[in-house]
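When we follow the working numbering, the leftmost residue of the sequence shown carries the number 257, and every step to the right adds one.
A virtual CB, placed ideally from N, CA and C, is assigned to each residue, including glycine.
Note that the structure is a prediction, hence the values are computed from the model and not measured.
To start, the structure itself, in structure tokens.
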Amino acid sequence: MKIIVLNGSPKGEVSVTMQYVHFIDKNFPRHELKIINISQGIKAIEEDENTFREIIDEVRSADGILWAFPLYFLLVHSHYKRFIELISERSAEDAFKGKYTAALSTSIKFCDHTAHNYINAICDDLEMKYLGSFSADMYDLLEEKERRQLVLFAESFFSAIQNNIPTPKNFQPVVRGDLDYLPGTVEGKADLCGKKVLILTDTGESRTNLGLMIDRFSRAFSNPVEVINLNDLDIKGGCLGCIQCGYDNRCVYEGRDGYVDFYNGKVKTADILVFAGAIKDRYLSSIWKRYFDRSFFTGHAPSLIGTQIGFIISGPLRQIPNLRQILEAEVQLQHANCVGFVTDEYGDSAAIDGLLQNLAERLVQAADNGYRSPPTFLGVGGAKIFRDAIWGRLRFPFRADYRAYKKLGVFDFPRKDYKSRIRNATMLLLSKIPVFRREVNKRMKQEMIKPLQEVVNIN
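Spelled out as structure tokens, the structure:
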């Protein structure tokens with residue numbers, strides 16, 4: 257069989273992900289695995305119609321398609337995202353329809369599920385036959401057990417194609433709304449009290465729903481706010497995955513374009529940061545993805561600590577919970593505060609006006625109070641994954657992260673809570689006595705809330 261491998265790494269063949277593909281190729285020589293370097297070659301793919309059509313012709317002639325990619329900022333690389341956009345922009349969906357497909361990724365297991373959800377949903381939208389995914393840790397290939405799992409995954413993929421098995425659809429089609437938002441007058445204005453507000457957007461069209469929502473939101477404040485269009489930034493290209501920033505947070509593009517100065521001088525200094533974008537397929541645009549990817553020069557350490565963040569989204573966000581989770585996870589990892597989302601999904605313009613006004617007021621209030629909502633699993637779990645990786649195998653090359661984590665007290669292990677350790681040892685020993693264990697069971701619920709009650713009573 258002929259399998260087309262769509263390579264999502266900007267590093268092309270010099271990619272961790274491609275070593276997994278090469279391993280599959282070596283173990284199944286009877287099948288042809290043809291690798292097409294999508295992310296690395298996106299410039300030619302985008303600018304040269306013939307190059308794009310040659311890829312589409314390869315897809316059309318294939319028995320199966322393997323989406324193979326490393327994770328970049330909870331998703332795929334911005335160049336891979338751009339290729340997915342080109343499929344619909346150039347009406348090439350029919351080449352993918354009915355094709356068997358699967359996904360293979362490499363990462364350190366942070367939000368790999370959101371990237372796979374995205375690819376699965378894209379495949380469902382393209383009416384492909386999705387056979388599942390394989391999410392590998394970067395160095396799983398070094399372990400015999402994991403190599404065996406990879407072989408089984410590939411074997412199952414090839415067998416399913418040969419036997420023409422039925423496949424389910426895991427994601428509902430996205431239904432776009434048709435509301436034309438018409439903003440009303442602004443009754444009251446939120447007093448900024450010297451706070452700096454920065455709105456980032458990828459639209460320059462003032463009469464679209466997104467453009468009108470940005471304008472209405474901007475007028476909700478007592479002072480002018482700054483709006484920057486990402487299309488106007490001096491950005492020479494997407495993240496190269498070179499990790500040269502790992503030592504001292506110096507991006508390889510530094511001095512060649514304006515992104516680093518923009519991020520340090522504008523984004524990091526804002527008290528209130530609002531991301532305003534339109535949904536494109538199952539995410540925002542590839543322009544937004546490039547913005548997030550390029551911010552990786554700051555490493556895995558939070559760079560927006562204490563910033564109040566809001567989102568203004570044009571499109572059916574409620575139908576794409578995966579996207580909302582991606583955005584919330586990123587805010588939590590930044591030790592910032594997600595104040596809320598406003599979309600144009602609501603039935604009338606007056607309701608959107610009210611939500612935009614309320615978002616502005618809550619952003620100012622949270623900035624005044626210094627409030628940060630406690631992180632959920634997205635923030636806590638993600639932080640622990642990065643903590644362990646930076647402490648261990650990724651200490652080199654991510655030296656800047658290691659220094660930042662030490663300064664922030666992220667390396668909070670091993671626990672030196674001797675009081676708890678002594679108490680636990682004593683209680684475990686005493687619990688072997690039946691009479692004591694029965695008494696503990698009787699008092700357990702009350703003892704659990706006892707220290708909390710003491711705080712409540714004091715205050």
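Practice prompt. Compare the beta carbon distance of residue 527 and residue 640 with 7 Å and say whether it is the shorter of the two.
Written response: The residue labelled residue 527 in the question sits at position 271 within the sequence shown. The residue labelled residue 640 in the question sits at position 384 within the sequence shown. Taking 7 Å as the Cβ cut-off, residue 527 and residue 640 do not qualify as a contacting pair.
Fill in: Per-residue DSSP class, three states only, for residue 625
Working through the sequence shown from its first residue, we reach residue 625 at position 369. Residue state, collapsed to three classes: helix.
Worksheet item: Run through DSSP, which three-state label would residue 595 get?
Response: As a working mapping, residue 595 is identified with position 339 in the sequence shown. Shown here, residue 595 sits in a strand according to DSSP, grouped into three states.
Practice prompt. Find the nearest neighbour of residue 552 within the set 638, 696, 328, 294, judged by alpha-carbon distance.
Written response: Position 296 of the sequence shown, counting from 1, holds the residue named residue 552. With distances taken between Cα atoms, residue 552 lies closest to 328.
Worksheet item: From residue 541 to residue 458, what does the alpha carbon distance come to, in whole angstroms?
Response: Here the question's residue 541 lines up with position 285 in the sequence shown. Here the question's residue 458 lines up with position 202 in the sequence shown. Residue 541 and residue 458 have their C-alpha atoms roughly 8 Å apart.
Discussion item. Only counting the same chain, and skipping five residues up and downstream in sequence, which positions put a Cβ closer than 8 Å to that of residue 514?
Written reply: Taking the first residue of the sequence shown as 1, we reach residue 514 at position 258. Cβ neighbours of residue 514 beyond the five flanking positions: 489, 490, 491.
Discussion item. Determine whether the beta carbon atoms of residue 597 and residue 633 lie at a separation below 7 Å.
Written reply: Working through the sequence shown from its first residue, we reach residue 597 at position 341. Working through the sequence shown from its first residue, we reach residue 633 at position 377. No, the Cβ-Cβ distance between residue 597 and residue 633 is not below 7 Å.
Fill in: Segment contact, 8 Å Cβ cut-off, at least three pairs: the segment 367-375 with the segment 313-332
In this structure the segment 367-375 touches the segment 313-332; the number of beta carbon pairs closer than 8 Å is three or more.
Worksheet item: Per DSSP, residue 485 forms a beta bridge with which residues?
Response: Your numbering for residue 485 matches position 229 in the sequence shown. Note: residue 485 is bridge-paired with 457 in the DSSP secondary-structure output.
Worksheet item: Can you name, in chain order, every residue of its own chain whose Cβ lies under 8 Å from the Cβ of residue 292, other than the five neighbours on each side?
Response: On the sequence shown, position 36 is the one that residue 292 refers to. Cβ-Cβ distances below 8 Å link residue 292 to 260, 261, 262, 263, 311, 314 in the same chain, with the five nearest sequence neighbours on each side left out; the list follows chain order.
Worksheet item: What are the residues that DSSP puts in a beta bridge with residue 290?
Response: On the sequence shown, position 34 is the one that residue 290 refers to. According to DSSP, residue 290 bridges with 260.
Discussion item. If you measure between the beta carbons of residue 497 and residue 266, is that distance less than 7 Å?
Written reply: The residue given as residue 497 occupies position 241 in the sequence shown. The residue given as residue 266 occupies position 10 in the sequence shown. In contact: residue 497 and residue 266 (Cβ atoms closer than 7 Å).
Worksheet entry | Contact the segment 390-398 vs the segment 424-440: 3+ CB pairs below 8 Å | In short, these stretches do not touch, since the Cβ pair count stays below three.
Item to complete: Look at residue 612 and residue 472 and say whether their C-beta atoms are less than 7 Å apart.
Response: If you number the sequence shown from 1, residue 612 lands on position 356. If you number the sequence shown from 1, residue 472 lands on position 216. With respect to the 7 Å criterion, residue 612 and residue 472 are classified as neighbours on the basis of their beta carbons.
Worksheet item: If you draw a straight line from the C-alpha of residue 355 to the C-alpha of residue 479, how long is it?
Response: By one-based count along the sequence shown, residue 355 stands at place 99. By one-based count along the sequence shown, residue 479 stands at place 223. C-alpha separation (whole angstroms): 54 Å.
Item to complete: Give a yes or no on whether the C-beta atoms belonging to residue 346 and residue 298 are separated by under 7 Å.
Response: Looking up residue 346 in the sequence shown gives position 90. Looking up residue 298 in the sequence shown gives position 42. No, they are not a contact pair.
Discussion item. Taking contact to mean 3 or more Cβ pairs, one atom from each stretch, closer than 8 Å, check whether the segment 557-565 and the segment 517-537 are in contact.
Written reply: When Cβ pairs closer than 8 Å are counted between the two stretches, the segment 557-565 is seen to touch the segment 517-537, the count reaching three or more.
Item to complete: Report the rounded CA-to-CA distance for residue 504 versus residue 681, giving the unit in angstroms.
Response: Position 248 of the sequence shown, counted from the start, is the residue given in the question as residue 504. Position 425 of the sequence shown, counted from the start, is the residue given in the question as residue 681. Rounded to the nearest angstrom, the gap between the Cα atoms of residue 504 and residue 681 is 44 Å.
Discussion item. Does residue 590 come out as helix, strand or coil in the three-state DSSP assignment?
Written reply: The count along the sequence shown starts at 1 and reaches residue 590 at position 334. Note: residue 590 maps to coil in three-state DSSP.
Worksheet item: At what residues does the alpha helix (DSSP H) containing residue 474 begin and finish?
Response: Taking the first residue of the sequence shown as 1, we reach residue 474 at position 218. For residue 474, the enclosing alpha helix (DSSP H) has its first and last residue at 465-474.
Item to complete: With a threshold of 16 other CB atoms inside 10 Å of the CB of residue 550, please say whether the residue is buried or exposed.
Response: Taking the sequence shown and counting its residues from 1, the one referred to as residue 550 is at position 294. Buried, since its Cβ has 16 or more Cβ neighbours within 10 Å.
Fill in: Own chain, CB closer than 6 Å to residue 301, minus 5 neighbours either side, in chain order
Working through the sequence shown from its first residue, we reach residue 301 at position 45. If you ignore the 5 residues before and after residue 301, its C-beta comes within less than 6 Å of the C-beta of 307, 308, all in its own chain and listed in chain order.
Worksheet item: Who pairs with residue 531 in a beta bridge, going by DSSP?
Response: Reading the sequence shown from its first residue, position 275 is the one you call residue 531. In the DSSP output, where bridge partners are listed per residue, residue 531 has 456, 567.
Worksheet item: For residue 360, which beta-bridge partners are listed by DSSP?
Response: Translated into positions along the sequence shown, residue 360 becomes position 104. According to DSSP, which records beta bridges pairwise, residue 360 is partnered with 324, 390.
Fill in: Where residue 384 falls, given that 16 or more other Cβ within 10 Å makes a residue buried
Counted from its first residue, the sequence shown places residue 384 at position 128. Per the 10 Å Cβ criterion, buried.
Worksheet item: From residue 675 to residue 645, what does the alpha carbon distance come to, in whole angstroms?
Response: Numbered from 1 along the sequence shown, position 419 holds the residue referred to as residue 675. Numbered from 1 along the sequence shown, position 389 holds the residue referred to as residue 645. Distance from the CA atom of residue 675 to the CA atom of residue 645, rounded to whole angstroms, is 29 Å.
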